[in-house]
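The structure under discussion appears below in the form of structure tokens.
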Amino acid sequence: MPRRALAAAVVALALPLSACGSGGDEGGSTDASGKVEGDITFQTWNLRANFKPYFEGLIADFEKKYPGTKVKWVDQPAEGYADKISADAAGGTLPDVVNVSPDLVAPLAKAGLALDLDKSAAKYKKEYLPGAWASHEIPGMEGTYAFPWYLNTGPLFYNKSLFKEAGLDASKPPKTYDELFDDALELADKSDGKVATLANVPTIEDFGRYGVELMNKEGTAFAFNDAKGVELLTKYKELYDAKALDSQALTATPESSGKKFLTGAVAMNPGSALDLGNFKKQAPNLYKNIGITDQITSTGKVNMYVMGVMVNAQTKRTPAAVAFAHYVTDAQNQMSFAKKVAIFPSTAGSLDDPYFTKEDGTDETRVRIAAAKSLKNAVNYTPVLFSEQMKTELRNSVAKALQGKVSPEEALDNAVKACDRLLQQQG
Amino acid sequence: MASSSSTASSGTAAPRAASSGAVRVRRQLPTSPWLFAAPGLLVVGIFILYPFVSTLVNAFTDRRTLIPGEFVGLANFRELLHDEMFWIGLRNSTLYVLGVVPALVLLPLLLALLVQKNIPGIAFFRSAFYTPVVASIVVVGLIWVWLLDERGLVNSLLETIGVGRIGFLSDQWLLLLSAMAVTVWKGLGYYMIIYLAALANVPRELHEAASVDGAGAIRRFLTVTVPAVRSTMVLVGALSSVAAFKVFSEVYLMAGPDGGPAGEDTTLVMLVQRTGTGLTGRVGYASAISVVVFVVTVALMLLVLRADRKEDA
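Chains L and G, in that order, give the protein sequences.
Heads up: the first sequence is residues 196 to 622, going by our numbering.
Heads up: the second sequence is residues 1161 to 1473, going by our numbering.
Here you go:
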């Protein structure tokens, strides 16, 4: 009897386990031309808290437009979003329509989990800005793997009172990298090292904006260890040594450096039009002294962040999922979303709307108009194949150079070597 | 048992078995424990054994988050030997054990001796010392980050008294020490409760006899209290060393996801998390690191228990 009981226990164990793992071998159809019907799930990235009515209205309108459809909306917190997607993807429970960024799309597309829209939804391509549509192409693969959704970029904010205290002209913020580095050194010198100008170590976007070639043209190897890359890191080392770069920059996150700017410990910080409201609410004194200037770039092209909406290639409701992903990202709905929050539509012609071109004298509008203008030739400098592990490798190498443990050349060589190895391991 | 099973299954024996209450009881005894244990076995099987075996298997593959991978033999372990970050993780996890365990074996014992006495208001102190144990580690971590920040309370106080600001969260070693201090601070109350239970069993006569012989407080502590709670100290040592070697939250919260400046404060479990998660996670390689963590923690336990047995002998 115990032997039988043991066998039963093993079977009982094996049954649920056999359900684990495989998940989605049954691939969905790539044909999106059928009838739009059925239940689908739509996942957003930390949007429910602030935009619940907008999304509920959007879903209700879609269900009304396509009777027989039902959209279940799930929202995931910002923290650990990639981990949540990877768990769903590995477990075969990825929602039908998913809010993604280009670097999240790349591994999903390589694993065959993102629908190629050039095949399934090519008719919509002309509705979007060409650069935005191309942002979800994956080097080494044919096709485009997500609808472009909202774009974002932003100016550089600076604290006018800190500039004045250091004897700098607050009405003339730095416009070039040389000016930025000079002002930063002066500010650190005048404040006896108590006020840093920047709070973050250079990221891959910073290297891109400085004019460094990030990857080779084929997208098979990284190249940010060129002379320009070394030059930028050497400048940052000077700033770090002079305390013009915050001493905690080596462990900083965008959130922690934002807080430093709010408390006046740091004189400059990148941001978006959304931040003005935060300054007004959380740091009224800073808001009174806030200066706004353009992103500093050597390429003439500012950095932009792109959000996308991906369709799960294994969805059982391809027509409904494609129709909904397009609906969320179409010109009308993107425009309506942009008017609720400081983001910018990726649809063709939307940025010519008076909302993005007509001044009304407020700072918010000024920032919005400047950002919309700069987006027309902006670049998403983060290579889509640049994974989280690669970002860590770069940050750690940069930190070693700033601490003086290795030279800037050696640090970037090491980072490129490590990133290339990870790239090859990704397959 | 096998015979009773075969008897039960034979057609002729069944009526005989049914007619005898004693036989029926004997037949049912072996089955019912399994039935009672089945839910527990299922949970253990699915949530402990399966992940454990899966980790062991994955350690010998090049599996990635979305790609099943193939058998690569000992390649992951060979790569570990040449991975600088692995050695940094091993160093930090080991230092954590060396820094935290002695403090967590000794300090809670002293604290337990202090709050053991039944004096008015002592319950308040017992509760106060236990409060960090029940506090969320995330909240604890954030509070200590605010306190130890370059512009935090501790640095402001240090500056006021003329010491100057100290980079608790920007210096590699100070950061690790700060994280250790938080681990000790949070663990004190937990181990204090264990010691309180042990101290309650120390016969008062022993202390009285030692006092009569002229032993002072320190001598009584060394000759009476310590030998009496020695097995509890071993238990605390074993528990805290395993927990210290597997440290994650404190260092992650204070040093950030990269593991401090240039990743120099990374611990092995942080490395597992960083390497094996996300859409491009190297599950096979992270599993190999997990296997190393498992082997070292088992070795630590055996080491402590062996030392205890030697003492007994």
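All C-beta atoms in this analysis are idealised placements derived from N, C-alpha and C, irrespective of residue type, glycine included.
Specify whether the segment 589–596 of chain L and the segment 1417–1433 of chain G touch according to this definition: at least 3 beta carbon pairs, one from each stretch, less than 8 Å apart. yes
Take the Cβ of residue 244 of chain L as the centre, count every other Cβ of all protein chains shown within 10 Å, and call the residue buried at 16 or more, exposed below. Counted from its first residue, the first sequence places residue 244 of chain L at position 49. So residue 244 of chain L counts as exposed.
How would you call residue 335 of chain L, buried or exposed, if buried means at least 16 neighbouring beta carbons within 10 angstroms? Here residue 335 of chain L corresponds to residue number 140 of the first sequence, with the count starting at 1. Exposed, by the Cβ-count rule.
Contact set between the segment 388–407 of chain L and chain G, restricted to residues whose Cβ is under 8 Å from the partner: Result list empty, no residue passes.
Proximal chain L residues relative to residue 1279 of chain G, where beta-carbon distance stays under 8 Å: In the second sequence, the residue the question calls residue 1279 of chain G occupies position 119. In chain order: nothing, as chain L lies at least about 44 Å away.
Any idea if residue 1433 of chain G is buried or exposed, counting beta-carbon neighbours within 10 angstroms, 16 or more meaning buried? As a position in the second sequence, residue 1433 of chain G is number 273, starting the count at 1. Answer is buried; the Cβ neighbour count reaches 16.
Under 9 Å (Cβ pairs) to chain G, residues found in the segment 409–423 of chain L: none
Under a Cβ-count criterion, where at least 16 other Cβ atoms within 10 Å of its own Cβ denotes burial, should residue 458 of chain L be classed as buried or exposed? Here residue 458 of chain L is taken as the residue at index 263 of the first sequence, counted from 1. With fewer than 16 Cβ atoms within 10 Å of its Cβ, residue 458 of chain L is classed as exposed.
CB of residue 1461 of chain G within 8 Å of CB of residue 1402 of chain G, strictly: By 1-based counting over the second sequence, the position of residue 1461 of chain G is 301. By 1-based counting over the second sequence, the position of residue 1402 of chain G is 242. A contact, by the Cβ cut-off of 8 Å.
Three-state secondary structure (DSSP) of residue 607 of chain L: For the purposes of this step, residue 607 of chain L is taken as residue 412 along the first sequence, with counting starting at 1. If DSSP states are grouped into helix, strand and coil, residue 607 of chain L belongs with the helices.
Straight-line gap, residue 1368 of chain G to residue 1380 of chain G (C-alpha atoms, nearest Å): Translated into positions along the second sequence, residue 1368 of chain G becomes position 208. Translated into positions along the second sequence, residue 1380 of chain G becomes position 220. Approximately 9 Å between the Cα atoms of the pair.
Taking 8 Å as the CB-CB cut-off, is residue 1311 of chain G touching chain L? Position 151 of the second sequence holds residue 1311 of chain G. Output row for residue 1311 of chain G: interface = yes.
Using a Cβ-Cβ cut-off of less than 8 Å, list which residues of the segment 1222–1236 of chain G approach chain L; keep chain order. 1222, 1224, 1225, 1226 and 1227
Going by the CB atoms, is the gap between residue 383 of chain L and residue 438 of chain L shorter than 8 Å? As a first step, residue 438 of chain L is located in the first sequence; it is residue number 243 there, counting from the start. As a first step, residue 383 of chain L is located in the first sequence; it is residue number 188 there, counting from the start. Yes.
Does any residue of chain L bring its CB to less than 8 Å from the CB of residue 1316 of chain G? Here residue 1316 of chain G corresponds to residue number 156 of the second sequence, with the count starting at 1. Answer no: the Cβ-Cβ gap between residue 1316 of chain G and chain L never drops below 8 Å.
The segment 444–477 of chain L: which residues have C-beta closer than 9 Å to a C-beta of chain G, in chain order? 444, 445, 446, 447, 448, 451, 455, 458 and 460
Give the residues from the segment 277–303 of chain L that approach chain G closer than 9 Å (Cβ to any Cβ), ordered along the chain. Here the close residues are 277, 278, 280, 281, 282, 284, 285, 298, 299, 301, 302 and 303.
From the beta carbon of residue 622 of chain L, is the nearest beta carbon of chain G less than 8 Å away? The count along the first sequence starts at 1 and reaches residue 622 of chain L at position 427. Yes, residue 622 of chain L counts as interfacial toward chain G.
Which ranges does the alpha helix (DSSP H) cover as unbroken runs of at least 4 residues, wholly within the segment 562–609 of chain L, from first to last along the chain? Taking only runs of at least 4 residues, the alpha helix (DSSP H) segments lying wholly in the segment 562–609 of chain L are 583–598.
Beta carbon proximity, residue 1418 of chain G to chain L, threshold 8 Å: Residue 1418 of chain G sits at position 258 when you count from the first residue of the second sequence. True, the Cβ-Cβ gap to chain L drops below 8 Å.
Flag this pair as touching only if the segment 324–340 of chain L and the segment 300–311 of chain L have three or more C-beta atom pairs under 8 Å; answer yes or no. Output reads yes: the segment 300–311 of chain L touches the segment 324–340 of chain L.
Below-8 Å beta-carbon distance, residue 1292 of chain G vs any chain L residue: Along the second sequence, read from residue 1 onward, the residue named residue 1292 of chain G stands at position 132. So, not an interface residue.
Compare the beta carbon distance of residue 520 of chain L and residue 292 of chain L with 8 Å and say whether it is the shorter of the two. Reading the first sequence from its first residue, position 325 is the one you call residue 520 of chain L. Reading the first sequence from its first residue, position 97 is the one you call residue 292 of chain L. Yes, they are a contact pair.
For a contact defined as C-beta to C-beta under 7 Å, what are the partners of residue 1397 of chain G on chain L? Walking along the second sequence from the start, residue 1397 of chain G turns up at place 237. Those do not exist, as residue 1397 of chain G stays about 32 Å from chain L at its closest Cβ, beyond 7 Å.
Do residue 1448 of chain G and residue 1236 of chain G come within 8 Å of each other at the CB atom, strictly closer than that value? Taking the second sequence and counting its residues from 1, the one referred to as residue 1236 of chain G is at position 76. Taking the second sequence and counting its residues from 1, the one referred to as residue 1448 of chain G is at position 288. In contact: residue 1236 of chain G and residue 1448 of chain G (Cβ atoms closer than 8 Å).
Can residue 365 of chain L and residue 456 of chain L be called in contact, C-beta distance under 8 Å? Locating residue 365 of chain L in the first sequence gives position 170, counting from the first residue. Locating residue 456 of chain L in the first sequence gives position 261, counting from the first residue. No. Outside cutoff.
Chain G contact for residue 528 of chain L (CB, 8 Å cutoff): As a working note, residue 528 of chain L is residue 333 in the first sequence. For residue 528 of chain L, the answer is no, since every Cβ of chain G falls outside 8 Å of its Cβ.
Residue 469 of chain L: first and last residue of the uninterrupted alpha helix (DSSP H) it sits in: Indexing the first sequence from 1 puts residue 469 of chain L at position 274. Per DSSP, the continuous alpha helix (DSSP H) segment holding residue 469 of chain L begins and ends at 468–477.
Please decide whether residue 239 of chain L counts as near chain G, where near means a Cβ-Cβ distance under 8 Å. Looking up residue 239 of chain L in the first sequence gives position 44. No, its Cβ sits nowhere closer than 8 Å to a Cβ of chain G.
Hey, is residue 1440 of chain G's beta-carbon within less than 8 Å of any beta-carbon in chain L? Position 280 of the second sequence, counting from 1, holds the residue named residue 1440 of chain G. Yes, because at least one Cβ of chain L sits closer than 8 Å to the Cβ of residue 1440 of chain G.
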